[in-house]
């Protein structure tokens, strides 16, 4: 049996940050009419490194240099879905090595 270590990221080789960013732009981010299924498909099937690349590419493709995080905040605010999406995108700041 092979075990993955926590430091080995799971790669989704079928993903392309440029295509994912395009798909996310096409999903809408305009309130009513946003296609949440696209957001779920991409955010739920990419590792942290890939999400960072997608976020950067989303910003590069945005007319206003808006990041994916910005678009989610603007479109979903503090809803449960918005909070979940931001939680997936937000890198872990610190991890306690010795929990109490």
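Residue numbers (our numbering): 9 to 108. Beta carbons: idealized from backbone N, C-alpha and C, even for Gly. Nothing here was measured: the structure is a model prediction, and the numbers come from that model.
Residue i, enclosing alpha helix (DSSP H) - first and last residue
i: residue 24; result: First-last for residue 24: undefined, no H or E at that position.
i: residue 37; result: Element bounds for residue 37: n/a, residue is neither H nor E.
i: residue 81; result: 76-84
i: residue 56; result: 56-69
i: residue 91; result: 88-97
Distance CB(residue i)-CB(residue j) smaller than 8 Å
i: residue 23; j: residue 58; result: yes
i: residue 76; j: residue 55; result: no
Beta-carbon contacts of residue i that lie in its chain and below 8 Å, excluding the five residues immediately before and after
i: residue 51; result: 59, 93, 96 and 97
Spatial neighbours of residue i in its chain, beta-carbon cut-off 7 Å, leaving aside the 5 residues before and after
i: residue 103; result: Low per-residue confidence applies at residue 103: pLDDT is 45, beneath 50, and the placement is therefore not dependable, though the value from the model is reported in the following sentence. None.
i: residue 74; result: 67
Note to self: Does the structure place the region 67-87 close enough to the region 35-44 that three or more beta carbon pairs sit under 8 Å?
What the structure shows: yes
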